[in-house]
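Protein sequence lines, in the order shown, are assigned to chains A and B.
So the first sequence is residues 1 to 170, counted in my numbering.
So the second sequence is residues 171 to 612, counted in my numbering.
Input: a single structure, listed below in structure tokens.
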Amino acid sequence: MAPPADSFAFARAEAILLDGANSVSGQPRAQFPARVGSSTLAVVVLVLALAWLRRRRPAWLLPALALLAAVPGAVCVSALRGDAPLRRSDTAAALVATLSTLQREAPWPGTPVAIDHEDDDVLFPLGRYAWPSRPPVERPAVRLELRGGALNVACVRDASHAQVVCGASP
Amino acid sequence: MIALLGLAVLHVTGAVILSLASRRPLRVTVRQPSAAIPAIGVLGLASLGAAGVSLLAALGLSAWLVRPAQAQPLARFPWRLFSVGALLVLARPWVPTQWDEYVWLGKARLESLGFGAGVRAALDATQHLVPPGYPALWPSAVGWVSLGRDALATHTLAATLLVLLCAAVALEAWAPLVTRPRPLALAVALAAPLAWVHLRSTYVDLPVGLMGLALLGQLLASVEGRPPIEALFTAVVLAGFKDEGLAHVLAASAAGWLVSLRRRDAWRLAVPAALALLSVGAWRLLLHGAGVVDSDHALGLPYWPWLPKLGALVWLHATDVFSWGVFWAVAVAVLLRGASDGPARAARWLVVLDFAFVVVELLCGPERVRAFAENGTLVNRLLVQLWPAAAALVVLALGAPDAPTATSPAAPAGRATPRSEPRLRAPMVRRRRRPAAAGAAP
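Have a look at this one:
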């Protein structure tokens with residue numbers, strides 16, 4: 001039941017950042033496309049487990065079922081996801097590079113910053129780390145916009161150098 | 171690496187506090203893997219300012235109420251199991267990869283401005299912290315373990331160490347109750363891929379579940395109705411980590427109380443919960459005074475029309491084979507027909523009560539919470555909070571004596587439990603079909 005790697009949404013660092021903690025493979029966000037198979041398996045195992053708990057014979061049956069059923073998820077966690085052991089370095093590098101780009105524009109807490117706009121997307125959490133508190137700005141500040149849903153973005157200053165847009169242009 | 175030093179400082183400080191409060195020698199408490207928790211609890215209360223002073227006095231009074239007549243011995247800690255898990259958790263780049271990790275760790279940066287800066291910012295609406303009104307202890311503790319150093323890798327390692335600390339607290343609390351778990355039972359409990367994702371992240375959902383389980387284990391180890399002193403700190407820290415923490419404290423306390431109903435001195439089991447209620451009440455008062463509104467966890471009347479949707483969502487999330495394998499199917503089977511004695515009964519109550527809190531949170535919470543549940547970003551994380559209790563139940567039930575053989579007249583004399591089964595040893599918990607002396611304190 002493991003999805004093919006090339007179509008696996010959570011292979012991308014952006015998907016891991018947005019949804020990686022909410023499920024192993026993105027089923028909830030996609031409205032559970034594998035719901036029939038998953039539900040059927042759960043009902044079968046529930047019935048088998050209830051029967052197994054009466055006699056516990058053969059002893060290996062329930063553990064074997066549980067371990068087998070965990071294989072698709074284990075494949076995602078260990079190999080396919082963007083935070084799988086062999087892929088995590090790339091994801092981490094993309095995140096650190098993007099965060100550094102943001103932080104360079106207005107190092108916290110020394111540089112006053114005003115966030116004029118932030119999309120509810122991948123740059124939002126990075127922006128929250130870069131500028132955890134947003135006190136009122138009383139003197140000239142860096143005015144920032146965080147836009148778009150991609151990592152490894154650049155920040156561009158407008159002609160007057162008063163406004164910085166990080167990510168996609170509005 | 172400075173985070174390791176920070177944890178060591180908290181560990182030694184906590185060991186001193188534990189030694190003073192529990193009458194155990196310092197050389198014993200310093201060997202307790204959970205020793206940093208009392209230090210985090212005391213620092214957490216102190217960071218609340220004047221309100222914290224009153225709470226520290228209440229903590230002292232509570233410690234006096236439950237103080238043991240004599241020092242209780244410690245059980246062996248499962249170092250091998252913990253070390254393997256810790257290695258798997260730590261062996262990764264110390265860079266967060268998930269949304270809330272950045273939000274939580276961002277608030278940890280505030281502690282680099284000075285002790286208690288996280289609390290002060292949370293109580294200042296003009297600072298625009300998100301989400302507003304959330305308890306500040308988890309990010310503050312990350313800042314303290316980081317010793318105020320403002321670096322992403324330090325914060326990530328510090329938070330990872332805190333996740334491991336919570337796992338250690340749970341293992342330490344349950345070590346006297348399950349001394350030799352069956353490997354296959356452990357394998358079933360761990361066959362939940364999403365739990366591994368959270369073990370290798372710094373989200374606070376899994377730590378909250380682990381601490382709830384730990385609190386129940388500590389309450390079950392009560393002697394003469396007096397919970398161990400660690401339970402006070404666990405309750406305070408758990409309630410400070412996250413709003414749901416209080417629900418876990420109440421669930422664990424109720425579960426501990428339900429399995430010791432007939433004891434006249436069981437009222438002391440409520441002392442940790444009372445302390446947690448007091449600290450949450452103080453936090454809410456501080457928020458109210460500062461004009462900060464925690465809208466995410468404001469409970470109202472149940473929105474009954476959503477009940478069928480809630481059932482469907484919980485079913486679909488729990489049966490998602492990629493995230494959970496068939497862990498929840500097995501857990502429900504065990505819940506319906508598993509061992510019902512001693513710690514297993516308490517764990518069963520904990521799972522039931524924890525689930526009830528999930529239902530209440532989703533049904534009585536604001537519309538925004540139900541929207542999160544429907545768009546797939548909330549239910550699994552609530553199930554992650556339940557997973558430690560359900561995993562403990564599965565380990566206890568699958569490791570329990572086989573129904574046909576343990577009570578069989580053909581079983582060899584003097585061997586009530588086979589060698590591979592867990593040895594149950596819980597002073598507060600009565601067991602059936604056992605001589606009374608077997609339940610005495612070790």
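Where is the CB? At the ideal position from N, CA and C, for every residue including glycine.
Three-state secondary structure assigned by DSSP to residue i
i        : result
B:Leu469 : coil
A:Arg56  : coil
B:Ser189 : helix
A:Ser20  : The sequence given here has Gly at residue 20 of chain A, not Ser. Of the three classes helix, strand and coil, the one that applies to A:Gly20 here is coil, per DSSP.
B:Gln297 : helix
A:Arg88  : helix
A:Asn152 : coil
A:Ala114 : strand
B:His181 : helix
A:Arg12  : coil
A:Gly167 : strand
B:Arg540 : helix
A:Val142 : strand
B:Val393 : strand
B:Leu174 : helix
B:Gly584 : Its pLDDT being 34, under 50, B:Gly584 is placed unreliably in this model, and the value from its coordinates should be taken loosely. In this structure, B:Gly584 counts as coil in the three-state DSSP scheme.
B:Arg515 : helix
B:Thr575 : The predicted model places B:Thr575 with a pLDDT of 39, which falls under 50 and marks its position as unreliable; any figure quoted below should be read in that light. Note: B:Thr575 maps to helix in three-state DSSP.
B:Arg697 : No answer is possible for residue 697 of chain B: the residues shown for chain B start at 171 and end at 612.
B:Arg352 : coil
Contact check, residue i vs residue j, beta carbons under 8 Å
i        : j        : result
A:Leu48  : A:Leu65  : yes
B:Thr404 : B:Ala421 : no
B:Ala345 : B:Pro243 : no
A:Arg134 : A:Pro112 : no
B:Gly426 : B:Leu556 : no
A:Arg128 : B:Tyr272 : yes
B:Ser430 : B:Ala424 : no
B:Pro442 : B:Pro397 : yes
A:Leu146 : A:Ala94  : no
A:Val96  : B:Val265 : yes
B:Ile462 : B:Leu215 : The amino acid occupying residue 462 of chain B in the given sequence is Val; Ile does not appear at that position. Not a contact, by the Cβ cut-off of 8 Å.
B:Ala361 : A:Ala70  : yes
A:Pro107 : B:Leu280 : no
B:Phe492 : A:Gln103 : no
B:Gly546 : A:Arg29  : yes
B:Ser232 : B:Leu445 : yes
Under 8 Å by beta carbon: chain A residues contacting residue i
i        : result
B:Arg279 : Trp108, Tyr129 and Pro132
B:Trp551 : Reading off the sequence, residue 551 of chain B comes out as Arg, not Trp. Chain A residues near B:Arg551: Ala21 and Asn22.
B:Thr267 : Ala13, Ile16, Leu17, Gly20, Gly82, Asp83, Arg88, Thr91, Ala92 and Leu95
B:Gly512 : Result: empty, since nearest Cβ-Cβ is about 17 Å, beyond 8 Å.
Under 7 Å by beta carbon: chain A residues contacting residue i
i        : result
B:Asp270 : Ala21
B:Thr296 : Pro135 and Pro136
B:Ala559 : Ordered by position in chain A, no residue passes the 7 Å Cβ test against B:Ala559, which lies about 17 Å from the chain.
B:Tyr373 : Ala21
B:Val273 : Pro125 and Arg128
When the options are compared against residue i, the one with the closest alpha-carbon
i        : options                                   : result
B:Pro174 : B:Ser423, B:Lys479, B:Ser371 and B:Leu327 : Looking at the sequence shown, residue 174 of chain B is not Pro but Leu. The shortest Cα separation from B:Leu174 among B:Ser423, B:Lys479, B:Ser371 and B:Leu327 belongs to B:Leu327.
A:Phe8   : A:Val96, A:Ala162, A:Pro63 and A:Pro72    : A:Pro72
B:Val374 : B:Val198, B:Ala361 and B:Asp270           : B:Asp270
B:Val179 : B:Arg246, B:Ser316 and B:Leu225           : B:Ser316
B:Trp308 : B:Gly276, B:Ala338, B:Arg319 and B:Ala321 : B:Gly276
A:Ile115 : A:Val24, A:Arg87 and A:Leu144             : A:Leu144
B:Ala482 : A:Ser39, A:Glu14, A:Asp19 and A:Ala11     : A:Ser39
B:Leu428 : B:Gly470, B:Arg250 and B:Leu390           : B:Leu390
B:Leu408 : B:Trp366, B:Thr349, B:Ala311 and B:Leu455 : B:Ala311
A:Ser160 : A:Val142, A:Gln31, A:Val44 and A:Val24    : A:Val142
B:Ser510 : B:Val200, B:Leu563 and B:Val491           : B:Leu563
B:Ala517 : B:Ala357, B:Glu414, B:Val450 and B:Gln388 : B:Gln388
B:Asp413 : B:Val358, B:Pro377 and B:Arg433           : B:Pro377
B:Gly410 : B:Arg454, B:Arg438 and B:Pro363           : B:Arg454
Contact list for residue i against chain B, beta-carbon separation under 7 Å
i        : result
A:Ala79  : Going along chain B, no residue has its Cβ under 7 Å from A:Ala79, so there is no contact; the nearest lies around 12 Å.
A:Asp119 : Here the premise fails: no neighbours, minimum Cβ distance about 13 Å.
Chain-ordered chain B contacts of residue i [CB-CB under 8 Å]
i        : result
A:Gly167 : The contacting residues do not exist; A:Gly167 stays about 16 Å from chain B at best.
A:Arg139 : None at all; the shortest Cβ gap to chain B is about 16 Å.
Q.
What are the residues in the segment 245 to 265 of chain B lying within 7 Å of chain A by C-beta distance?
A. Arg262, Pro263 and Val265
Q) Can you list, in chain order, the residues of the segment 14 to 39 of chain A whose Cβ is nearer than 9 Å to any Cβ on chain B? A) Ile16, Leu17, Leu18, Asp19, Gly20, Ala21, Asn22, Ser23, Val24, Ser25, Gly26, Gln27, Pro28, Arg29, Ala30, Gln31, Phe32, Ala34, Arg35, Gly37, Ser38 and Ser39
**Q.** Members of the segment 335 to 368 of chain B that neighbour chain A once the beta carbon cut-off is set at 8 Å
**A.** Leu354, Ala355, Ala357, Val358, Ala361, Ala362, Pro363, Leu364, Trp366, Val367 and His368
Q | Contact set between the segment 479 to 493 of chain B and chain A, restricted to residues whose Cβ is under 9 Å from the partner | A | Going along the segment 479 to 493 of chain B in chain order, one finds Leu483, Trp485, Leu486, His487, Ala488, Thr489, Asp490, Val491, Phe492 and Ser493 with a Cβ nearer than 9 Å to chain A.
Q | Residues in the segment 496 to 507 of chain B having any Cβ partner in chain A nearer than 8 Å | A | Val496, Phe497, Trp498, Ala499, Val500, Val502, Ala503, Val504, Leu506 and Arg507
Q. Along the segment 281 to 315 of chain B, what residues have a CB closer than 7 Å to any CB found in chain A?
A. Leu283, Ala291, Thr296, Gln297, His298, Leu299 and Val300
Q. When Cβ atoms are compared, which residues of the segment 375 to 393 of chain B fall closer than 7 Å to chain A?
A. none
Q: Mind checking the segment 528 to 549 of chain B against chain A and listing, in chain order, the residues whose C-beta falls within less than 8 Å of any C-beta there?
A: Asn545, Gly546, Thr547, Leu548 and Val549
Q: Name, going along the chain, the residues of the segment 147 to 166 of chain A whose beta-carbon falls closer than 9 Å to a beta-carbon of chain B.
A: none
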